[in-house]
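Everything below concerns the one structure shown next.
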Ligand SMILES: N[C@@H](CCC(=O)N[C@@H](CS)C(=O)NCC(=O)O)C(=O)O
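In this note's numbering, the protein residues as written are 49 to 334.
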């Protein structure tokens with residue numbers, strides 16, 4: 049398969065609000081397997097403009113499809129002239145190890161956007177490098193986009209977006225998240241995944257914890273976070289108050305909004321995705 053490196057195979061195309069939603073397969077050198085991603089190209093990209101890109105990282109159990117099919121982001125992305133790229137949430141394929149217990153929160157569909165250091169995960173589970181380096185390189189080489197990037201995500205993907213932006217502020221103009229896992233070193237989802245992928249060295253865990261990174265950064269990349277107050281995972285897994293305290297400690301420009309009655313689902317994301325696209329578009333225009 050390695051001859052497919054840097055080659056994209058188009059697997060679907062749907063016209064949408066004057067632009068195109070497309071899915072592509074490619075062989076990822078970073079992950080050592082064939083991956084699929086989705087891209088929404090707004091109408092402006094069809095007429096020779098190099099448009100900015102919002103990278104969207106999805107949560108547990110998702111593929112590239114959940115956001116594109118459920119968030120309803122394309123109408124405003126078309127108005128704003130913003131491309132959106134949605135990768136998968138883990139490496140895929142028969143050769144890629146999964147959780148032996150096949151739990152939804154480890155292994156396939158649960159890559160946690162880290163570079164695994166532990167066997168048997170380390171061979172393929174390198175989602176941090178894939179999202180930070182290989183995917184943008186591929187997107188910027190093959191599509192009419194600029195190198196102006198923003199990043200966002202949901203739940204596990206919110207954790208991914210925040211940690212990636214905080215560690216690479218020079219690569220992005222803005223970051224946002226819905227219901228992020230804010231303090232993974234101190235919640236069951238995060239501890240289970242980090243112990244498996246990163247081993248027992250807690251120093252390594254800290255590099256992937258949004259609250260710990262935000263408390264200790266000089267970065268000033270604007271961040272917008274939305275959290276539903278009827279989210280079943282709020283207190284046990286998400287802990288937005290830790291992110292808020294971290295922002296207070298370092299003076300970080302975080303806007304965290306709490307929304308009464310909203311849960312963890314894409315109905316919540318669809319309700320506020322317009323605010324996120326406008327927020328990113330403003331930063332990307334500067
Ligand atoms: N308990 C849920 C946890 C998974 C979950 O809630 N996943 C969220 C992200 S953390 C999601 O976006 N699911 C897919 C969807 O709603 O389309 C399950 O068993 O599926």
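Beta carbons: idealized from backbone N, C-alpha and C, even for Gly.
Top-ranked residue by Cα proximity to residue 144, from 137, 171, 175: 171
Unbroken alpha helix (DSSP H) run spanning residue 77, endpoints: Premise fails: residue 77 is in no alpha helix (DSSP H) and is neither H nor E.
Check whether residue 199 and residue 193 have beta carbons under 8 Å apart: no
Three-state secondary structure assigned by DSSP to residue 284: helix
Opposing strand residues paired with residue 239 [DSSP bridges]: In the DSSP output, where bridge partners are listed per residue, residue 239 has none listed.
Identity of the residue in 211, 227, 280, 276 nearest residue 220 by Cα: 211
Neighbour-count burial assignment, residue 222, 16 or more Cβ in a 10 Å radius: buried
Three-way DSSP call (helix, strand, coil) for residue 51 in this model: Bear in mind that the predicted position of residue 51 carries a pLDDT of just 41, short of 50, making it too unreliable to give a figure here.
At least three beta-carbon pairs within less than 8 Å, the region 305-319 to the region 269-279: yes
Backbone CA spacing between residue 292 and residue 126 [nearest angstrom]: 32 Å
Where residue 91 falls: helix, strand or coil (DSSP): helix
When 88, 68, 233, 225 are compared against residue 250, the one with the closest alpha-carbon: 233
Runs of beta strand (DSSP E) lying entirely within the region 79-156, each at least 3 residues, in chain order: 81-89, 99-105, 131-135
Cα-Cα separation between residue 191 and residue 259, rounded to whole angstroms: 34 Å
Three-state secondary structure (DSSP) of residue 233: helix
Range of the contiguous alpha helix (DSSP H) that encloses residue 207: 204-215
Bridge partner(s) assigned by DSSP for residue 253: DSSP lists no partner for residue 253.
Heavy atom of ligand 1 within 7 Å of residue 129 beta-carbon: no
Cβ neighbours of residue 56 in the same chain (closer than 8 Å, five flanking residues each side left out): 72, 73, 74, 186, 190
Beta-carbon separation (whole angstroms), residue 179 vs residue 152, contact threshold 8 Å: With a Cβ gap of about 21 Å, residue 179 and residue 152 do not count as contacting.
Residue burial classification, residue 287 (beta-carbon count within 10 angstroms, cutoff 16): buried
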